[in-house]
Structure formats: structure tokens, C-alpha cells
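Undergrad: Sharing a structure with you now.
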């Protein structure tokens, strides 16, 4: 049996493994003859089996490598989004608490100013000038307090607006991811359609092999399935109309030939 490792390291590629297998294994399914390997010794068959298993493992690993990498990257992005949303929620709560504390502080400051105004008024009615000056000072203080309150509310509004912008930014990122996912689904659908087109174009060649080997039942099933595939999925592809007409002619000729047998 062949060795797949040298010095503990893998040295063979998928191409090297394929070279160790008989060429007849890679012919179309219609040309495969299992009795060709009927009388081979057990060691040779085991060697072939090991080559096939090794090749399948390498092909699967190569096929899924990109998908696994994309999945890991997508999970990292989702975790980043969740962390950003948590931080945003915490920041929003902190801003609301700050706004509440600022409002309470302004109210307490305003109450202290009113008491300072009332005391001189109730203390004496003899000094009108002093009372008038105190009232003017209180009015000025009230105006300053009102102005400060407006400034704080303006700053709070700006902070809230900035917070809203962050939320919108996060939502836009999610929308971008959603569009990318929808785009990937669209590409996958197109790939499936291309695979069907490629199979449909290979039908005449496979049909010729069936007829050559006098496998007429397989030929009839193949033509019928191909025409049904065209009707169900490929009618919008104008380039395949000629091939569909060719298959219809072959189907008619095959039917006449089978009737004449």
C-alpha cells in the first residue's frame, strides 16, 4: 500500500492521489464497468480505497475552508454589534441620569433664590430702596437660572441627537449585513441555475453514449428528465431553445427506433 505521509508530514496533493487511481474510474458513469476490478488482489483494492478516502477528505476540506472562514468572521462581527449595543444602552442610561440630576440641581438652586428674596421683604417695610434692589437682584438671578436651564436642555438635546445618530449608524450596519445576506442568496440561486444549464448542455453527449451501448431505457429517462428540467427551470434562457429543440428531435427518433424493435 502507498504511504501518504513522509516524516510525519503530508506530502501528496489531490492530483497526486488521483494519479494513483485507474483512469477508468474518472470516465462518465455510463462507461463504468465494475467487473474490471473483480479479480484484483486485496492489497490493491485496499490501496485504491485508501486513495479515494484520502482524496475525498482533501476535497471536502478545500471546499469548506472558505465557508468556515466566512462563518467565523460573521460571528466576530455579530459579537462586535452586540457589544456596541450594550455600550450604547449603558451610555443612554447614564445620560438620562445626568439629565435628571441636573434638573434637580436647578430646581433646588431656584428654591434657594426665592427664599433669599422673601426674607428681606418680610423683615422690614421701612427700607423700600433695599427691598427694590433685592427684588431686582432676585429677578436677575431667576433670569440667569432660566438661561442656565435652557442651556442645559439644549446640551441634553444635542447629546440625545448624537445618541440617536449612533443608533441610526448601528441600524444601518445591520441593514448592510441583511443586504449582503440577500445578495449571497441571489448568487447561490444563480449558481444553481448555471449548474442546471451545464447539465442540460451535457445531455446530448451522455445520450449518445447510452444509445451506443444500447441502453435505451436509460436514454429515454435521460431525455424525459432533461426536457422536464427545461420546462420547469430553463425556459427563460433563450440560448438553450436550440438545444431543447435538438433533444425533442432525438426523443422522437428514439421513440420511433424503440417502436421498430
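Numbering (this note's numbering), first residue to last: 1151 to 1411. Backbone N, C-alpha and C define an ideal beta-carbon position, used for all residues, glycine too. Quantities reported herein were computed from a predicted structural model and do not represent experimental measurements.
Hey, how far is the Cα of residue 1228 from the Cα of residue 1322?
TA: Here residue 1228 is taken as the residue at index 78 of the chain shown, counted from 1. Here residue 1322 is taken as the residue at index 172 of the chain shown, counted from 1. Cα to Cα, residue 1228 sits roughly 14 angstroms from residue 1322.
Undergrad: Do three or more CB pairs link the region 1378-1397 to the region 1336-1352 at distances below 8 angstroms?
TA: yes
Undergrad: Determine whether the beta carbon atoms of residue 1369 and residue 1398 lie at a separation below 7 angstroms.
TA: Position 219 of the chain shown, counted from the start, is the residue given in the question as residue 1369. Position 248 of the chain shown, counted from the start, is the residue given in the question as residue 1398. Not in contact: residue 1369 and residue 1398 (Cβ atoms no closer than 7 angstroms).
Undergrad: Does DSSP put residue 1172 in a helix, in a strand, or in coil?
TA: Locating residue 1172 in the chain shown gives position 22, counting from the first residue. In this structure, residue 1172 counts as coil in the three-state DSSP scheme.
Undergrad: Quick one: Cα of residue 1242 to Cα of residue 1339, how far?
TA: On the chain shown, position 92 is the one that residue 1242 refers to. On the chain shown, position 189 is the one that residue 1339 refers to. So the two alpha carbons sit approximately 42 angstroms from each other.
Undergrad: Rounded to a whole number of angstroms, what is the C-alpha to C-alpha distance between residue 1206 and residue 1188?
TA: For the purposes of this step, residue 1206 is identified with residue 56 of the chain shown, where counting begins at 1. For the purposes of this step, residue 1188 is identified with residue 38 of the chain shown, where counting begins at 1. Each residue's Cα considered, the two are about 23 angstroms apart.
Undergrad: Can you give, in chain order, each stretch of the beta strand (DSSP E) that sits fully within the region 1362-1393 and has at least 3 residues?
TA: none
Undergrad: Rounded to the nearest angstrom, what separates residue 1233 and residue 1248 at their Cα positions?
TA: Residue mapping note: residue 1233 aligns to position 83 of the chain shown, counting from 1. Residue mapping note: residue 1248 aligns to position 98 of the chain shown, counting from 1. About 23 angstroms.
Undergrad: Would you kindly work out how many angstroms separate the C-alpha atoms of residue 1365 and residue 1199, rounded to a whole number?
TA: If you number the chain shown from 1, residue 1365 lands on position 215. If you number the chain shown from 1, residue 1199 lands on position 49. Taking the straight line joining both Cα atoms gives about 29 angstroms.
Undergrad: Which of the three DSSP states is assigned to residue 1188 in this structure?
TA: Here residue 1188 is taken as the residue at index 38 of the chain shown, counted from 1. Residue 1188 falls in the coil class under three-state DSSP.
Undergrad: For residue 1353, count the other beta carbons within 10 Å of its own beta carbon; 16 or more makes it buried, fewer makes it exposed. Which is it?
TA: Within the chain shown, residue 1353 is the residue found at index 203, counting from 1. The residue is buried, with at least 16 neighbouring Cβ atoms inside 10 Å.
Undergrad: For residue 1329, is the classification buried or exposed, using 16 other Cβ atoms within 10 angstroms of its Cβ as the cut-off for buried?
TA: As a working note, residue 1329 is residue 179 in the chain shown. Exposed, because fewer than 16 other Cβ atoms sit within 10 Å of the Cβ of residue 1329.
Undergrad: Would you mind stating whether residue 1204 and residue 1167 have Cβ atoms separated by less than 7 angstroms?
TA: Looking up residue 1204 in the chain shown gives position 54. Looking up residue 1167 in the chain shown gives position 17. Residue 1167 is positioned such that its CB atom lies closer than 7 angstroms to that of residue 1204.
Undergrad: Measure the Cβ-Cβ separation of residue 1371 and residue 1401 and say whether it is below 7 angstroms.
TA: Along the chain shown, read from residue 1 onward, the residue named residue 1371 stands at position 221. Along the chain shown, read from residue 1 onward, the residue named residue 1401 stands at position 251. No.
Undergrad: Is residue 1171 closer than 7 angstroms to residue 1208 when the C-beta atoms are compared?
TA: If you number the chain shown from 1, residue 1208 lands on position 58. If you number the chain shown from 1, residue 1171 lands on position 21. Cβ distance not < 7 angstroms, so residue 1208 and residue 1171 don't count as in contact.
Undergrad: When you compare only the Cα positions, how much space is there between residue 1211 and residue 1337?
TA: Translated into the one-based positions of the chain shown, residue 1211 becomes position 61. Translated into the one-based positions of the chain shown, residue 1337 becomes position 187. Each residue's alpha carbon lies about 22 angstroms from the other.
Undergrad: Grouping DSSP H, G and I as helix and E and B as strand, with all else coil, what is residue 1339?
TA: Taking the chain shown and counting its residues from 1, the one referred to as residue 1339 is at position 189. Helix, per DSSP.
Undergrad: DSSP three-state label for residue 1396, please.
TA: Position 246 of the chain shown holds residue 1396. DSSP places residue 1396 in helix when its eight states are reduced to three.
Undergrad: Got a sec: does the ligand NAP put a non-hydrogen atom nearer than 6 angstroms to the Cβ of residue 1191?
TA: In the structure shown, the ligand NAP is absent, as is every other ligand, since no ligand is present at all.
Undergrad: Among the candidates 1409, 1190 and 1351, whose CA atom is the shortest distance from the CA of residue 1393?
TA: Numbered from its first residue, the chain shown carries residue 1393 at position 243. Among 1409, 1190 and 1351, the Cα nearest to that of residue 1393 belongs to 1351.
Undergrad: For the candidate residues 1331, 1407 and 1396, whose alpha-carbon lies nearest to that of residue 1221?
TA: Numbered from its first residue, the chain shown carries residue 1221 at position 71. Considering only 1331, 1407 and 1396, the residue with the shortest C-alpha distance to residue 1221 is 1331.
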